[in-house]
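Presented below is the structure to which this report refers.
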Amino acid sequence: MSLYHETADVLSATSGNLKTRIFGNKDLKSPQQVVYALALETCKWSPVLKEVIENSELLRHERKLSPVLALLLVHDLLLSKKGIALPATHGLRASIDRHKARLNAEFTRARLRRKAGSVEALRQQITAEFLGDAADYPRWVRVNALKTTVEDQLATTFADFTRVLSVKEVTASPTKSLHVDDHIPNLLAVSPSFQITKTEAYTSGALILQDKASCFPAYLLDPRSEDGDVIDSCAAPGNKTTHLAAIVHSRVPENEECSQTVYAFEKDSKRSRTLEKMVKIAGAKDITRMSFGQDFLRVDPNSGLFKNVGCLLLDPSCSGSGILGRDDMPTIHLPEAPDAAKKQPATSNRKRKREGPDAAAEKPQPILVDDDGKETVVSSEKELKARLEALSSFQLILLLHAFKFPAAKKITYSTCSIHAEENEHVVLKALQSDIARERGWRILPRDQQVRGLRDWPVRGSVDASGGDADIAEACIRSYQDDGRGVMGFFVAGFVRDARPDFEDGDGPYLRDEDGLIIRDVMGMPTLKPGMRTELSKPASAGQDAQESRGDHVDEDDDSDSDDSSDVSSDENDASNSDEGEWNGFD
Ligand SMILES: C[S@@+](CC[C@H](N)C(=O)[O-])C[C@H]1O[C@@H](n2cnc3c(N)ncnc32)[C@H](O)[C@@H]1O
Numbered sequence: 078m079s080l081y082h083e084t085a086d087v088l089s090a091t092s093g094n095l096k097t098r099i100f101g102n103k104d105l106k107s108p109q110q111v112v113y114a115l116a117l118e119t120c121k122w123s124p125v126l127k128e129v130i131e132n133s134e135l136l137r138h139e140r141k142l143s144p145v146l147a148l149l150l151v152h153d154l155l156l157s158k159k160g161i162a163l164p165a166t167h168g169l170r171a172s173i174d175r176h177k178a179r180l181n182a183e184f185t186r187a188r189l190r191r192k193a194g195s196v197e198a199l200r201q202q203i204t205a206e207f208l209g210d211a212a213d214y215p216r217w218v219r220v221n222a223l224k225t226t227v228e229d230q231l232a233t234t235f236a237d238f239t240r241v242l243s244v245k246e247v248t249a250s251p252t253k254s255l256h257v258d259d260h261i262p263n264l265l266a267v268s269p270s271f272q273i274t275k276t277e278a279y280t281s282g283a284l285i286l287q288d289k290a291s292c293f294p295a296y297l298l299d300p301r302s303e304d305g306d307v308i309d310s311c312a313a314p315g316n317k318t319t320h321l322a323a324i325v326h327s328r329v330p331e332n333e334e335c336s337q338t339v340y341a342f343e344k345d346s347k348r349s350r351t352l353e354k355m356v357k358i359a360g361a362k363d364i365t366r367m368s369f370g371q372d373f374l375r376v377d378p379n380s381g382l383f384k385n386v387g388c389l390l391l392d393p394s395c396s397g398s399g400i401l402g403r404d405d406m407p408t409i410h411l412p413e414a415p416d417a418a419k420k421q422p423a424t425s426n427r428k429r430k431r432e433g434p435d436a437a438a439e440k441p442q443p444i445l446v447d448d449d450g451k452e453t454v455v456s457s458e459k460e461l462k463a464r465l466e467a468l469s470s471f472q473l474i475l476l477l478h479a480f481k482f483p484a485a486k487k488i489t490y491s492t493c494s495i496h497a498e499e500n501e502h503v504v505l506k507a508l509q510s511d512i513a514r515e516r517g518w519r520i521l522p523r524d525q526q527v528r529g530l531r532d533w534p535v536r537g538s539v540d541a542s543g544g545d546a547d548i549a550e551a552c553i554r555s556y557q558d559d560g561r562g563v564m565g566f567f568v569a570g571f572v573r574d575a576r577p578d579f580e581d582g583d584g585p586y587l588r589d590e591d592g593l594i595i596r597d598v599m600g601m602p603t604l605k606p607g608m609r610t611e612l613s614k615p616a617s618a619g620q621d622a623q624e625s626r627g628d629h630v631d632e633d634d635d636s637d638s639d640d641s642s643d644v645s646s647d648e649n650d651a652s653n654s655d656e657g658e659w660n661g662f663d
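In case it helps, the working numbering puts the sequence shown at residues 78 to 663.
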């Protein structure tokens, strides 16, 4: 099926948002990114394209074209640099090419009616209209300190931008403007219509699109050289991993080698590939060691490899309820088909929101979206509660696992959820846990936080913190729609005084240099790495390299599942088991 038919099907589907319709559809033959870009851009331009198609009477002459197909093809004819992505002999392309001159003329008329002096001016106008409410949010751009500096970027990529004093001014300004953020170092708020993905700085990894709130965890963790190595336990797609690497890098004195490592774990093998790409493009490869398809719960905290880990960042899967525009389906303006004109009132522009062009009106239902964009429709309060309960017990298990790293003294826990169950409640339970008490973990109070987050005004809920105002103050929140231009988010920091209780909880095992136990508590030899590999299931292509170095291969690769069933990853299993569970590093 052609790109155009597949994209037309996506736009005509009756359920799911645009992202889930595309990225959750394994049957698509065309590249998902290409389908997404075509669908989104066509929706954006559809008010103009509708006019062009109707005034040129394209659908009256080409009866086989549906209104959606016509929009997609005319979009590429008029607006894509490469034109229609079909051979000239293809029937669909021919049906548009026959009307090329008329379509071009109608496009010019539509532009002039909007008083746009050029196609670029029209593009800006259309983008601003399309953004609608989203225009209240700037584009948050993290300047990647591994590759560039704010000063360099202000002098190059943003040379023709006006610097303004607040986020509100950025979103209100009709011209290109930017604001250097007051809370997070190396962060810029940029005009939402700016097409940053087309800049060299973006494609080379010097600039990274990352919501301000998503920058909180790495900044709050504040890894310093004396803190030793860092773990990002749930790393893909890698925004926070690369942010951690950038912070670590920025603290290495000039002419000195970086002695710290950022260990990044990602359980899902498909998402691990995204992580790998992101780390590479961000220039973070030297600092980062990634373990693909690795469940963090199966990482042994007492392994010698992690004896210098002083900081951990935990950003586990959550309900995603704070994410901006996750459940939005862009509006598409369909041209009238000649027959439809008779059936429908002439005034109807068939403008539809959250539904495909041929769908019946759909009642919005609350949905939760997981890391892969998979949706869970929540039809009742009870169902929402059950889902949040499952998610929060999995989040707590991960946090308690992080507490076990013997040299750890700082941890951040974050979610992009607005629900207290996944946020303050997890924090309270973690603080009340045996492991927190044994190891002396406490919350990082507001007055000890890095300056930018100490100053950040939006804090946790006192009610959700069991009435404890200090804990609520220590928790950092953000909400959509509060005028600060950020997504809904939560982060809390935990600290303790470092105690190198390396053997703690694991017994006086003797380990080899990779941290593998080679003698047990009784001094008896344990399995050697080679023997473990024999016991493992055959490795996939990506794991060959790990095996050849004698690293373990996961026997129980459940990386495709990323939902609350993960809760079944028994914590004790994870910490006590030392065999066949380690995926090694890339
Ligand atoms: C919210 S996303 C992380 C986003 C990431 N920190 C960033 O900023 O780009 C959660 C990730 O954790 C992964 N994950 C969930 N459970 C995990 C586990 N037990 N071990 C390792 N990764 C896990 C998921 O597959 C998902 O990619």
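Heads up, the beta-carbon is just placed ideally off N, CA and C, and yes, glycines get one too.
- When C-beta atoms of the segment 527-538 are compared with those of the segment 546-561, three or more pairs fall below 8 angstroms, so the two segments count as touching.
- Rounded to the nearest angstrom, the Cβ distance from Thr318 to Leu284 is 17 angstroms, too far for a contact under 8 angstroms.
- Counting along the chain, Thr318 sits inside the alpha helix (DSSP H) bounded by residues Asn316 to Ser327.
- Shown here, Phe100 sits in a helix according to DSSP, grouped into three states.
- A heavy atom of ligand 1 is found nearer than 7 angstroms to the CB of Cys395.
- Within the segment 184-209, the complete alpha helix (DSSP H) runs of at least 4 residues fall at 196-208.
- Placement of the Cβ of Arg219 at a distance of 7 angstroms or more from every heavy atom of ligand 1 is found.
- Taking C-beta atoms under 8 angstroms as the contact rule, Leu117 and Pro407 qualify, at a distance of about 6 angstroms.
- Around the beta carbon of Asn332, fewer than 16 other beta carbons lie within 10 angstroms, which makes this residue exposed.
- In the structure shown, Gly381 adopts helical secondary structure according to DSSP, grouped into three states.
- In this chain, the beta strand (DSSP E) harbouring Ala266 covers Leu264 to Val267.
- Taken from the Cβ of Arg348, at least one heavy atom of ligand 1 lies inside 7 angstroms.
- Under the three-state reduction of DSSP, Val376 is assigned to coil, being neither helix nor strand.
- The secondary-structure analysis by DSSP pairs Ala513 with nothing; it has no beta-bridge partner.
- Counting every other CB atom within 10 Å of its CB across the protein chains shown gives His152 a total of 16 or more, marking it as buried.
- Distance between Asn221 and Tyr296, taken at the CA atoms: about 13 angstroms.
- The DSSP-derived three-state label of Arg554 is strand.
- In this structure, Cys311 has its beta carbon less than 7 angstroms from a heavy atom of ligand 1.
- In this structure, Gln287 lies near Arg219, with their beta-carbon atoms less than 8 angstroms apart.
- Straight through space, the alpha carbons of Thr492 and Val568 are spaced by roughly 7 angstroms.
- Distance from the CA atom of Ile173 to the CA atom of Leu150, rounded to whole angstroms, is 7 angstroms.
- Non-local beta-carbon contacts of Val227 in its own chain, meaning distances under 8 angstroms to residues more than five positions away in sequence, involve Val220, Val257, Asn263 and Leu265 in chain order.
- Residue pairing for His256: DSSP places it in a beta bridge opposite Ala266.
- For Gly529, the enclosing alpha helix (DSSP H) begins and ends at Arg528 to Asp532.
- The beta carbon of Glu139 lies closer than 7 angstroms to those of Ser172 in the same chain, with the five residues before and after it left out.
- Counting along the chain, Tyr296 sits inside the alpha helix (DSSP H) bounded by residues Phe293 to Leu298.
- Secondary structure note for Ala569: its beta strand (DSSP E) is the uninterrupted segment Phe566 to Val572.
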